[in-house]
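K.L.:
Line by line, the protein sequences are chains A and B.
Last residue of the first sequence: number 87 in the working numbering, and the count goes up by one each step with no gaps.
Last residue of the second sequence: number 1849 in the working numbering, and the count goes up by one each step with no gaps.
The C-beta atom is built at its ideal place from N, Cα and C for all residues, glycine as well.
Only a predicted model underlies this, so the values are computations on that prediction, with no experimental measurement involved.
Let me give you the structure first, and then I'll get to my questions.
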Amino acid sequence: MATNTQTIKDTVKNYLMTEFLPGEDPNDLTDTTPLVTGGILDSISTFKLVGFLHSKFDVKLNANEIANHLNTLNDITDIVQAKQGVA
Amino acid sequence: MFNRDRSKSSNENDIWRFLLIALQLGLVLYVIDLFHLEEDHGLNSLLPIIFGGFIIHSWLPKNWRPPFFFLLTLTAILFLFGAKYGSILIGIGLGLIAICHLPLNYWLRIGLILVAVSVLAAFRSGWMPSDWAPFIMPILGSMFMFRLIIYLYDLKNESIRPAFWQRLNYFFMLPNVCLPLFPIIDYVKFHRSHYSADAYEIYQKGIRWMFRGVTHLLIYRVIYYYIIPSPTEVNDLNGLVLLMMCSFMLYTRVSGLFHLITGILCLFGYNMPPTHNLYFLASGFNDFWRRANIYWKDFMMKVFYYPLFLKMQRFGQYRGIIFTMLPLFVISWLFHSYQWFWIRGSFPITLIDGIFWCFFGLMVLTNSLMQAKWGRRRSLGKKRWSFGRALRLSLQTVSMFSLMCFLWVFYTSNSIPDWLALLSKAANYETIDIVRIVSVWISAVAVGVVFQYLNSQDVSLPSLKNVIVFRPAVLTSVSAFLLLLVGIPQASAVFNPQTHDFIESIRMNRLNSRDVELFEKGYYESLMGTNKFTSQLWRAQLQEPQDWKLNLRENGLAAPVEDMRLTTLNPNMDHHYKRAKFRTNQHGMRDKAYDKVKPASTYRIALLGGSHVMGPGVRDEDTYQWMLEDQLNLDSGEKEFAQYEILNFAKSSWISFQHLLHCQKQVVQFAPDAVFYVTHFPEEIKTVERLTDCIMNSGRIDFPYLAAIADSAGVHKDMAESEIQRRLKPYAGKIVQWTYQQFADLCKASNAMPVWVYQPLPKTNKLKEPESKIVERLKGYAVTAGFEVLIDLSGVFDGREYSRLQLAPWDKHPNKIGHQLIAERFYQELINNSASLKMGVQPVKAERK
């Protein structure tokens, strides 16, 4: 079942803040903050996020999607919705 | 009305922004031209195309811009490579792209690409000979060697299908036409980046990066020319620490080039992310991997890491990381060699590279496992100030920098014994050295803490956010203008002579003293140093054809001998060497046939020297020795002898004591009236290098005096090359002086007049020591030894463009015109010294050939 955009965004943001950015101001994490190029997501944390997306939204990302579609909250929301739409 | 006014105002604003960008671009390009940056690769020729292309491109309708960029790149290729080579490059490139889109099964297309690449590899390696491959392959390789992999990967996996022109532009990128060290760029990021922000912001970013690139390249030059010591000059802890730091800092050349290239791409709307991010400030191995050469890291992650990790996940998180990361660094190592293959035509697999990459991989792996277990602190925006945290980060950063310096000197060493010999110099220190090094280290940590404090405070200048491009534009313009002021020769003349010389030297694109030595020595091909991007040497060899690299022995023209000469020319050869006819006579001289017994009424000169005399790359009759002899015999002036003979005993790579040995064994048997010893370089250094070769190759030293010196220096066959050279260097002057003395004594005992000749090469490479000073010192040795006539050919090429006198861009030996100039000047010197030489030649007023 498809989840709406804001719910995905809020859920993912909440996960990122709790898991990787404890103590940081949530307002600093915007929809377009670069996560990979900004150094927040590295190889290990990317896979943790991929696992989280799988368990939370039932989406399984392939290697190419991991490399190209996880740089911002907007990107993550788009790929989750796209995968849910396909499913 | 309101909209129209706003549109008008926006247009006017755009014009001003455009003019501001164009002004900055003009300044930055002028600086590049003034300082001859990357001139060897033709960047200076590309500058008008970049400037003109940008002006037209920025005013074209948006959908016209990609095809225009493609055409601009093709124009640049044809302009730089000429119609023939340019067309081959474009044709092969388009062919490769076409194969990717054949209406065939994906794996079949991969197979076809592999076949095509294998054929190209056969051309690149020289296995299939061609005249075009050495010229275009480095550029073709940089455009396709990695991008084809990414392109094919994304063709299979990505649903996005960019426009036709964007696909072509992904491969045919303007800056690549002359800068091959930029092979990797992500396909998805590339096409997504096209005008992904305000056009003028992208242009401004491009200018800023270009200027940053220029700054890095200039910093590189200062370190490369003036600060980095040669490994053989390192004798104590201070020298070792300086060498380590400089070796690592030479990486600014790579980052400078990358900034320059991505900056140029920004000018054409490709808003690419940064390639490097303050990599000297990395606080750990993972951090360094993330900051240095980011495009490489992204490529490895996308094509290898993520697919591999998804497969390895079943082994659990930690084992999954281990099984993924270790192969990743082995692949990285092999891909570096693969990159070199396309650039240089050889595939270097060396132990040093392997150890470096494995060690680096292990460190990143350890870091990753620690982060997987304990997490890593990340932050958004400005970090909150805490002394403890700042101190820890600063300590980590300075420690990481120190460790990278240590690793880098290993990575750039010729061999492990060389590296160990270098490290052993750390034992030579005084207490003050330790105090100094520790003080610098602590100061660096303190500066890091202070910097973090300032960074956490709002100490920025008053905001000028309303004018998006203004502040960076002013900064870039003023900085570029200042560089121009310093760089223009007329302007820099106002400084004192030393500063003026320094600026002039920095403006020149050249090799440093150590690389000049390696280049001259001719065996740089086997040296690890040239496999590193930070070395300038690889550029000099870039276009060198495979057959050019073969030495006399590999060409069958010379054979080994059991003495210090190591090899001698074979007799009766008729062959080609460096693409010119090369014949030897019955005595193994590169010359016409002579009887050992001197004919009656003949004045015989024996000419000894290295490659500069032997004349590689020119026909036998075009060597200056040949021309000089003809001239002496054709001259219609009054002459005491019926015939003049100049016997060419020269041989490439021989130096002082080897000529002495040859003189003892062969030359004196020809009863010459005069023996001309021709030198062209700081002989002390070359003598030490050649003596090192002799010790390393055979361990045999024919002269007791030299054997005694080797004993005093404590050198032996099994020692590292750099260590032997380091230990022999203090004796260099003594060895040359002794050799000159033996040489003069031998000549006199054989009734021949010893004549010393200095013959320069047509090249711009400057040494730390001025040429005139070197020549004076060598003359001093010659006078002391008793050479009766000194002939100095300095300035023989003055007023000429050196490139027109050299064999090829990769070979600075004189060509036919160069030899002609030497012959003319030499002839004049012989006439002037005729009385001292007892040649009995009178000057003639005319009839010079």
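Note down the Cα distance separating Cys1358 of chain B from Gln1664 of chain B, rounded to an integer number of angstroms.
P.N.:
Answer to the nearest angstrom: the Cα atoms are 52 Å apart.
K.L.:
Does the beta carbon of Gly39 of chain A come closer than 8 Å to any beta carbon on chain B?
P.N.:
For Gly39 of chain A, the answer is yes, since a Cβ of chain B falls inside 8 Å of its Cβ.
K.L.:
Considering only their Cβ atoms, is the gap separating Leu1569 of chain B from Arg1590 of chain B smaller than 8 Å?
P.N.:
Their beta carbons are under 8 Å apart, which means Arg1590 of chain B touches Leu1569 of chain B by this criterion.
K.L.:
Short of 9 Å Cβ to Cβ, which residues in the stretch 1176-1188 of chain B face chain A?
P.N.:
Within the stretch 1176-1188 of chain B, the qualifying residues are Asp1186, Val1188.
K.L.:
Let me confirm a value: Pro1307 of chain B is counted as buried when at least 16 other C-beta atoms fall within 10 Å, else exposed. Which label applies?
P.N.:
Label assigned to Pro1307 of chain B: buried.
K.L.:
Using the beta-carbon of each residue, which ones in chain A are nearer than 7 Å to Phe1309 of chain B?
P.N.:
Residues of chain A passing the Cβ test: Phe47.
K.L.:
Quick test of the definition: if touching needs 3 or more C-beta pairs under 8 Å, does the stretch 1134-1150 of chain B touch the stretch 1170-1178 of chain B?
P.N.:
With the cut-off at 8 Å, the stretch 1134-1150 of chain B and the stretch 1170-1178 of chain B touch.
K.L.:
Quick test of your reading: Arg1565 of chain B and Asp1574 of chain B, contact by CB under 8 Å. State the CB separation rounded to the nearest angstrom.
P.N.:
That belief does not hold up - the Cβ atoms of Arg1565 of chain B and Asp1574 of chain B are roughly 23 Å apart, past 8 Å.
K.L.:
Name the DSSP bridge partner or partners of Lys1581 of chain B?
P.N.:
The partner list for Lys1581 of chain B (beta bridge, DSSP) reads B:His1576.
K.L.:
How is Gly1529 of chain B classed by DSSP in three states: helix, strand or coil?
P.N.:
Residue placement at Gly1529 of chain B cannot be trusted, given a pLDDT of 41 that sits under 50; what the coordinates show is reported in the next sentence. Residue state, collapsed to three classes: helix.
K.L.:
Does Gln1378 of chain B have its Cβ less than 8 Å from a Cβ in chain A?
P.N.:
A small correction: the amino acid at residue 1378 of chain B is Arg; Gln does not occupy that position in the sequence shown. Output row for Arg1378 of chain B: interface = yes.
K.L.:
Grouping DSSP H, G and I as helix and E and B as strand, with all else coil, what is Met1753 of chain B?
P.N.:
Residue state, collapsed to three classes: strand.
K.L.:
Would you say Lys9 of chain A reaches chain B, if we count a Cβ-Cβ gap shorter than 8 Å as a contact?
P.N.:
False, the Cβ-Cβ gap to chain B never drops below 8 Å.
K.L.:
Let me see if you follow: with CB-CB separation under 8 Å, is Ser1698 of chain B close to chain A or not?
P.N.:
Chain A, which has no Cβ nearer than 8 Å to the Cβ of Ser1698 of chain B, makes this no.
K.L.:
Check whether the Cβ of Gln1396 of chain B lies closer than 8 Å to any Cβ atom in chain A.
P.N.:
Chain A contact via Cβ: absent.
K.L.:
Roughly how far, in whole angstroms, is the beta-carbon of Asn1367 of chain B from the beta-carbon of Phe1299 of chain B, given that I think they are within contact range, below 8 Å?
P.N.:
Incorrect: roughly 20 Å between the Cβ atoms, too far for contact.
K.L.:
Following the continuous alpha helix (DSSP H) through Thr1567 of chain B, name the residue where it begins and the one where it ends.
P.N.:
No alpha helix (DSSP H) contains Thr1567 of chain B, which is instead part of the beta strand (DSSP E) from 1567-1569.
K.L.:
Return helix, strand or coil for Thr37 of chain A, following the three-state DSSP convention.
P.N.:
Three-state DSSP puts Thr37 of chain A in coil, outside helix and strand.
K.L.:
What are the boundary residues of the alpha helix (DSSP H) that includes Phe1068 of chain B?
P.N.:
Its alpha helix (DSSP H) spans residues 1065-1100.
K.L.:
Are the CB atoms of Gly1840 of chain B and Glu1629 of chain B within a distance shorter than 8 Å?
P.N.:
Cβ atoms of Glu1629 of chain B and Gly1840 of chain B: not closer than 8 Å.
K.L.:
Alpha carbon to alpha carbon, how far is Thr1215 of chain B from Ala1446 of chain B?
P.N.:
Distance between the alpha carbons of Thr1215 of chain B and Ala1446 of chain B: 26 Å.
K.L.:
So what's Arg1700 of chain B in DSSP terms, helix, strand or just coil?
P.N.:
Looking at Arg1700 of chain B - three-state DSSP - the assignment turns out to be coil, as it is neither helix nor strand.
K.L.:
Using beta carbons (cut-off 8 Å, strictly below), is Asn64 of chain A in contact with chain B?
P.N.:
So yes, Asn64 of chain A belongs to the interface.
K.L.:
So is Asp42 of chain A in contact with chain B if we call contact Cβ pairs under 8 Å?
P.N.:
Asp42 of chain A counts as touching chain B.
K.L.:
Whole angstroms are fine: how far does the CA of Asn1555 of chain B sit from the CA of Asp1617 of chain B?
P.N.:
Sequence check: residue 1617 of chain B is Gly here, not Asp. Looking at the two C-alpha atoms, the distance is approximately 13 Å.
K.L.:
Determine, for Leu21 of chain A, whether the minimum Cβ-Cβ distance to residues of chain B falls below 8 Å.
P.N.:
So yes, Leu21 of chain A belongs to the interface.
K.L.:
Could you work out which residues of chain A lie near Ala1282 of chain B, taking near to mean beta carbons separated by less than 7 Å?
P.N.:
The premise fails here: Ala1282 of chain B is roughly 11 Å from chain A at the closest Cβ pair, so nothing lies under 7 Å.
K.L.:
Taking 8 Å as the CB-CB cut-off, is Arg1201 of chain B touching chain A?
P.N.:
Strictly speaking, residue 1201 of chain B in this sequence is Glu, with Arg absent from that position. No, its Cβ sits nowhere closer than 8 Å to a Cβ of chain A.
K.L.:
Compare the C-beta of Phe68 of chain A against all C-beta atoms of chain B and say whether one is closer than 8 Å.
P.N.:
First, the amino acid is wrong: residue 68 of chain A is Asn here, not Phe. So, interface residue.
K.L.:
So, helix, strand or coil for Leu1807 of chain B, using DSSP?
P.N.:
Leu1807 of chain B: strand per DSSP, three-state reduction.
K.L.:
Using the beta-carbon of each residue, which ones in chain A are nearer than 9 Å to Gln1371 of chain B?
P.N.:
The answer, in chain order, is Asp42, Ile44, Ser45.
K.L.:
Does any residue of chain B bring its CB to less than 8 Å from the CB of Asp58 of chain A?
P.N.:
Not closer than 8 Å to any Cβ of chain B, the Cβ of Asp58 of chain A fails to qualify, so no.
K.L.:
Threshold first: 4 residues or longer. Then list the alpha helix (DSSP H) segments lying entirely within the stretch 1211-1279 of chain B, N to C.
P.N.:
Whole alpha helix (DSSP H) segments, 4+ residues: 1237-1249, 1252-1267.
K.L.:
From the DSSP output, in three-state form, read off Arg1604 of chain B for me.
P.N.:
DSSP places Arg1604 of chain B in strand when its eight states are reduced to three.
K.L.:
Using DSSP with H/G/I as helix, E/B as strand and the rest coil, what is Pro1616 of chain B?
P.N.:
Pro1616 of chain B: coil per DSSP, three-state reduction.
K.L.:
Using 10 angstroms around the beta-carbon of Met1128 of chain B, count the other beta-carbons present and answer buried if the total reaches 16, otherwise exposed.
P.N.:
With fewer than 16 Cβ atoms within 10 Å of its Cβ, Met1128 of chain B is classed as exposed.
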